[in-house]
Amino acid sequence: MSDDLTVHASRDRPSGPVEEDLVTAVLTASRVLVAISARSLGEVAEALTLPQFRMLVVLHSRGPMSMSRLAELLAVNPSTAMRMIERLVAAGVVAREVSPGDRREVRITLTEAGVRTVVDATDRRREEISRIVAAMPAKQRTGLVDALQAFAEAGGEPSAPDRNPADLLGW
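For the sequence shown, our numbering begins at 12 and goes up steadily by one.
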């Protein structure tokens, strides 16, 4: 029985110096990305927390959905999602609407202000990330796109929209 646990644990966690170096590099890069996200959000909507902004991004990238599905995607309890939604409704960036397919279901959707918040913060992040990528040595950029796309895919994150304003606004 303990051999089974050892086998499963070794498949789930990196083992060895190369894998540990990779995890450390991604962890360090994530700190840079979180800092960029916090700065971009602070300039656009100071009253929003990062988890609240994450909810807006999920709604923007995946469209209107039920509160339970939203809680699942954010990996939070439904009660936590409900409190976040209440605050975001009060801020005017999300709205509740009756589902066209099932009048008993309430769907959460972005308002125009919510879409604009996501688009503005994303534009600011895109600009700052662009500056950082430009500062990287050209040979270091090789393979970065494929690696980051594979990382995002493994994490279940849909691709960020292109800079086309119609795509960003969901038109």
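Backbone N, C-alpha and C define an ideal beta-carbon position, used for all residues, glycine too.
Since the model is a prediction, treat every value here as computed from it, not as a measurement.
- Closest in alpha carbon position to methionine 66, among Glu57, Ala86, Ser51, Asp157, is Ala86.
- Cβ neighbours of alanine 92 within its own chain (closer than 7 Å, five residues either side excluded): Met78, Leu81, Ala82, Leu85.
- For alanine 106, the uninterrupted beta strand (DSSP E) run begins and ends at 105-109, by DSSP.
- Proline 169 and leucine 159 have their alpha carbons spaced roughly 12 Å apart.
- Across the set Ala146, Ser141, Arg137, the C-alpha of Arg137 shows the shortest separation from the C-alpha of leucine 52.
- Proline 75 sits away from glutamate 97, with the two beta carbons spaced by 9 Å or more.
- Exposure of glycine 167 is indicated by the presence of fewer than 16 other C-beta atoms within 10 angstroms of its C-beta.
- The beta carbon of alanine 106 sits closer than 6 Å to the beta carbons of Thr120, Thr122 from its chain, once the five residues preceding and following it are set aside; these are given in chain order.
- Between alanine 161 and serine 48, the C-beta gap is not smaller than 9 Å, which leaves the two residues out of contact.
- Here methionine 147 carries a coil assignment [DSSP, helix/strand/coil].
- Listed in chain order, the non-local C-beta contacts of valine 100 below 8 Å within the same chain comprise Ala106, Arg107, local neighbours out to five positions each way being set aside.
- Per DSSP, reduced to three states, the secondary structure at arginine 114 is coil, with no helix or strand assignment.
- For the stretch 26-65, the continuous alpha helix (DSSP H) assignments of 4+ residues that do not extend past its boundaries occur at 28-55, in sequence order.
- Listed in chain order, the non-local C-beta contacts of alanine 56 below 6 Å within the same chain comprise Thr128, local neighbours out to five positions each way being set aside.
- Looking at the DSSP output, leucine 121 sits in a beta bridge with Val105.
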